[in-house]
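K.L.:
Below is one structure. I have some questions about it.
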Amino acid sequence: MKRYKKNIDVGDEAITKRTAERYKAVINENLNFEEVSSHHSSDDGNVLENLVTNQDILCAENSNKVTNRTSTESNELDLTNHLRSLLLEDENECLQQSCNIPKNLEEMIQNVDFFQYITCPIKVKKGELFLMILKFCVVNKLSFLGMTNLFKLFNVIFESPVMPESRYSVDKLLNPKEFAEFHAVCHNCSAYIGKYGEITSVKQCNICQAELDLDNPSNTSYFVIIDPSTQIRDLIHFYENHYDYVVNTRVSKPEYIEDVYDGKEYRSFVNSLLPEDKHSYVSAVFNTDGAPKFKSSQYSIWPLYLMLNELPKQDRINKLITCGLWFNKKKPDMSVFLSTFVDVINKLTSEGISCNVKNENKVLKLHVLTCCVDSVARAPVQGIKQFNGKYGCSWCLHPGEWAEGSMRYPLLTYYVNDRDHEKTVNDMLHATPDNPINGIKYPSPLINFPKFNIILGFTVDYLHCCLEGVASQFTEYHLQSMSKDDIEELDEKINKITAPHQISRLSRPISIRKDWKAREWENYVLFYSVPL
187 MKRYKKNIDV GDEAITKRTA ERYKAVINEN LNFEEVSSHH SSDDGNVLEN
237 LVTNQDILCA ENSNKVTNRT STESNELDLT NHLRSLLLED ENECLQQSCN
287 IPKNLEEMIQ NVDFFQYITC PIKVKKGELF LMILKFCVVN KLSFLGMTNL
337 FKLFNVIFES PVMPESRYSV DKLLNPKEFA EFHAVCHNCS AYIGKYGEIT
387 SVKQCNICQA ELDLDNPSNT SYFVIIDPST QIRDLIHFYE NHYDYVVNTR
437 VSKPEYIEDV YDGKEYRSFV NSLLPEDKHS YVSAVFNTDG APKFKSSQYS
487 IWPLYLMLNE LPKQDRINKL ITCGLWFNKK KPDMSVFLST FVDVINKLTS
537 EGISCNVKNE NKVLKLHVLT CCVDSVARAP VQGIKQFNGK YGCSWCLHPG
587 EWAEGSMRYP LLTYYVNDRD HEKTVNDMLH ATPDNPINGI KYPSPLINFP
637 KFNIILGFTV DYLHCCLEGV ASQFTEYHLQ SMSKDDIEEL DEKINKITAP
687 HQISRLSRPI SIRKDWKARE WENYVLFYSV PL
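In terms of our numbering, the numbers along the sequence shown are unbroken and rise by one, the last being 718.
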């Protein structure tokens, strides 16, 4: 609850406590407080009263000596009286509060007020209380059950419930079903079965002939696609100043790369838009990766996230939008998982998202431009062989060579052609998993995005490939010829390096580099390796 300033009426004016304190200091100098200090009491509880008493004596003496006071001096006395009453009031209030605070639990229990009803009025709106509870749950990372119990706790305080208290009602409020679509897949072959609510009569998979029990609540072979339009509208409206700057004001300079807007592909995308769409678009990056449901569980969850490029770069990564969830024992069939996702996004591309930007109603067209996934997930998403297969590179046609039990990509004596979007799409239309063409196994659903480049739309796996791969490999080449004493000397040098605050994770000794995280490898390559 905000604390508002308490004003003191002095004549025709009103002053705050802080101003009153400043006036008091000036008056103390003018009233010659040297005499007051000689009568100062050592008792802390009577300091303020002695000060006021001495001040009254001085005022009385001055009134006997000076009979013709000016109007200014009279106003100063009035102000002094106001200050005296105000300071005494605050002092008594503080003393009373300190006396009411129990020193321990036993004293609090023995207090008579401990067993009396609380009759203090509540000046909080239901909406404010609801948001405070949600904020508390997010900050403290409460489970759904913990959040529901917290709602119940607040309802106990009031005579009648003011908050939803059942799991069903809370889930209905926070997870509206109209924005989510549940799709069933075969538990045996991951083939697409259909959308829940439309496939109740399906009892068998058409691909592997496995029996299906879609009415069983324990069925865990499905995925969810969530409509992101509401979240996109809210984010763009919240960051409307930055969005308006990006699409209307910002000018890219070819010689500088400050953000994604200065990239070649982003500028090419903006130039390809129709004139009426160049100031009403939203571009996004999507990502998916697997995460175990529990440490000992065989099931895994594959979330699908969207990140909006038109948000401030310091906030983008913290404002991810969940668009899908795959839940199964097996990895997702990307042809199944991404096809439904592409359909939802393309609908928002054609119909647009109604949004208010700086008091102007706009229809924003959503375009997915980039896919940011690791090397393992990139192959099935892109529809090509993995990096350990022939023609496993996502950007060129290097065939690779099998050597020493693994696929390697050595330097060649001839030029290797780069992959391009048009030829890759053509190969996808004719390739099959049994008969791949240049490493292409099947069509990727991403080719149905109108502005997505199936080659340049994928990013390099910076974490696994560059940091934990190349950086680690070159470091081992340098250190394998060093003795144990040399390694210990490097450890001492690393410990003596004072890192700036921008480095979020300090690198540990190089002798335990096998336990380094990706951020530690990055700091070592960019900073620590230079002086070492």
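In this text, a Cβ means the ideal position worked out from N, Cα and C, and glycines have one as well.
Quick caveat: nothing in here was measured; it's all calculated off a predicted structure.
Could you have a look at residue 366 and say whether DSSP puts it in helix, strand or coil?
P.N.:
Correct three-state label for residue 366: strand.
K.L.:
Grab me the residues of residue 246's own chain with a C-beta within less than 6 Å of its C-beta, minus the 5 sequence neighbours each way, in chain order.
P.N.:
Caution applies to residue 246, whose pLDDT of 48 falls short of 50 and renders its modelled position unreliable; the value that the coordinates give is listed next. For residue 246, where only same-chain residues beyond five positions count, there are no Cβ hits under 6 Å.
K.L.:
Just grab the DSSP bridge partners of residue 465 for me.
P.N.:
Beta-bridge pairing links residue 465 to no other residue.
K.L.:
Is residue 514 buried or exposed, if buried means 16 or more other CB atoms sit within 10 Å of its CB?
P.N.:
Label assigned to residue 514: buried.
K.L.:
Below 8 Å, can you find three or more Cβ-Cβ pairs linking the region 549-556 to the region 646-665?
P.N.:
Cβ pair count under 8 Å is below three, so no.
K.L.:
Residue 674 to residue 697, Cα distance in whole Å?
P.N.:
The straight-line gap from Cα to Cα measures roughly 7 Å.
K.L.:
Between residue 338 and residue 327, what straight-line distance do the alpha-carbon atoms span, to the nearest angstrom?
P.N.:
Cα-Cα distance, rounded: 18 Å.
K.L.:
Please list the terminal residues of the continuous alpha helix (DSSP H) segment that includes residue 172.
P.N.:
Past the edges of the chain, shown from 187 to 718, lies residue 172, and the structure says nothing about it.
K.L.:
I want to know whether the region 532-549 touches the region 608-626 - three or more CB-CB distances under 8 Å.
P.N.:
No, the region 532-549 is not in contact with the region 608-626.
K.L.:
Throw me the rounded Cβ distance for the residue 452 and residue 498 pair, which I believe falls under 8 Å.
P.N.:
Rounded, the Cβ-Cβ distance is 16 Å, inconsistent with contact.
K.L.:
Provide the residue(s) that pair with residue 548 in DSSP beta bridges, ordered along the chain.
P.N.:
According to DSSP, which records beta bridges pairwise, residue 548 is partnered with 541.
K.L.:
Please report the distance separating the alpha-carbon of residue 580 from that of residue 714.
P.N.:
For residue 580 and residue 714, the distance between alpha carbons rounds to 32 Å.
K.L.:
With respect to the alpha helix (DSSP H) encompassing residue 358, which residues constitute its N-terminal and C-terminal limits?
P.N.:
Counting along the chain, the alpha helix (DSSP H) containing residue 358 begins and ends at 353-360.
K.L.:
Could you give the distance in angstroms between the alpha-carbon of residue 582 and the alpha-carbon of residue 489?
P.N.:
Their Cα atoms are separated by approximately 29 Å.
K.L.:
In three-state DSSP terms, what is residue 536?
P.N.:
In this structure, residue 536 counts as helix in the three-state DSSP scheme.
K.L.:
Roughly how many whole angstroms lie between the Cα atoms of residue 423 and residue 336?
P.N.:
Going by the C-alpha atoms only, they are around 31 Å apart.
K.L.:
What is the residue span of the alpha helix (DSSP H) that residue 343 lies within?
P.N.:
Element bounds for residue 343: 330-343.
K.L.:
Going residue by residue through the region 577-609, where are the continuous alpha helix (DSSP H) segments of at least 4 residues, counting only ones entirely within it?
P.N.:
As far as the region 577-609 is concerned, it has no whole alpha helix (DSSP H) run of at least 4 residues.
K.L.:
Is residue 679 helix, strand or coil when you go by DSSP?
P.N.:
In the structure shown, residue 679 sits in a helix (DSSP, three-state: H, G or I).
K.L.:
Around the C-beta of residue 255, are 16 or more other C-beta atoms found within 10 angstroms, so that it is buried, or is it exposed?
P.N.:
Unreliable placement is indicated for residue 255, whose pLDDT of 49 sits below 50; no coordinate value is reported for it.
K.L.:
Under 7 Å between the Cβ atoms of residue 630 and residue 688?
P.N.:
Cβ atoms of residue 630 and residue 688: not closer than 7 Å.
K.L.:
Could you check the C-alpha separation between residue 382 and residue 364 for me, to the nearest Å?
P.N.:
In a straight line, the C-alpha of residue 382 is about 13 Å away from that of residue 364.
K.L.:
Mind the definition here: the region 427-436 touches the region 493-512 only if three or more C-beta pairs lie below 8 Å; say whether that holds.
P.N.:
Contact between the region 427-436 and the region 493-512 is present, because at least three Cβ pairs lie under 8 Å.
K.L.:
Considering only residues of the same chain and omitting the five flanking positions on each side of residue 390, which have a CB-CB separation below 8 Å?
P.N.:
Counting only Cβ-Cβ distances below 8 Å, and skipping sequence neighbours, we find 396, 397, 398.
K.L.:
Report the residue ranges of all beta strand (DSSP E) runs contained in full by the region 380-461; include only those spanning at least 3 residues, in chain order.
P.N.:
Entirely contained in the region 380-461, the beta strand (DSSP E) runs reaching 3 residues are, in chain order, 408-412.
K.L.:
Consult DSSP for residue 486 and reduce its assignment to one of helix, strand or coil.
P.N.:
In this structure, residue 486 counts as strand in the three-state DSSP scheme.
K.L.:
Per DSSP, what kind of secondary structure is residue 554 in: helix, strand or coil?
P.N.:
Three-state result, residue 554: strand.
K.L.:
Measuring straight from C-alpha to C-alpha, what distance separates residue 413 and residue 288?
P.N.:
Their backbone Cα atoms lie some 53 Å apart in a straight line.
K.L.:
Whose C-beta lies closer than 7 Å to the C-beta of residue 535 among residues of the same chain, with five residues either side of it excluded?
P.N.:
Taken in chain order, the residues that qualify are 551, 552, 553, 636.
K.L.:
From what residue to what residue does the beta strand (DSSP E) around residue 306 run?
P.N.:
Note, residue 306: premise wrong, no beta strand (DSSP E); not H, not E.
K.L.:
Helix, strand or coil: how does DSSP classify residue 526 here?
P.N.:
DSSP places residue 526 in helix when its eight states are reduced to three.
K.L.:
Could you give the distance in angstroms between the alpha-carbon of residue 706 and the alpha-carbon of residue 692?
P.N.:
Approximately 7 Å, taken between the alpha carbons.
K.L.:
Exposed or buried, residue 700, counting other C-beta atoms within 10 Å across all chains shown (16 or more means buried)?
P.N.:
With fewer than 16 Cβ atoms within 10 Å of its Cβ, residue 700 is classed as exposed.
K.L.:
Got a sec, what are the start and stop residues for the alpha helix (DSSP H) residue 291 sits in?
P.N.:
Segment 291-296, the alpha helix (DSSP H) holding residue 291.
K.L.:
By the DSSP assignment, the alpha helix (DSSP H) with residue 511 in it spans what residues?
P.N.:
Counting along the chain, residue 511 falls outside any alpha helix (DSSP H), though it belongs to the beta strand (DSSP E) covering 507-514.
K.L.:
Cβ of residue 535 versus every heavy atom of the ligand SAM: is any distance shorter than 6 Å?
P.N.:
Looking at this structure, you won't find the ligand SAM or any other ligand, since it has none at all.
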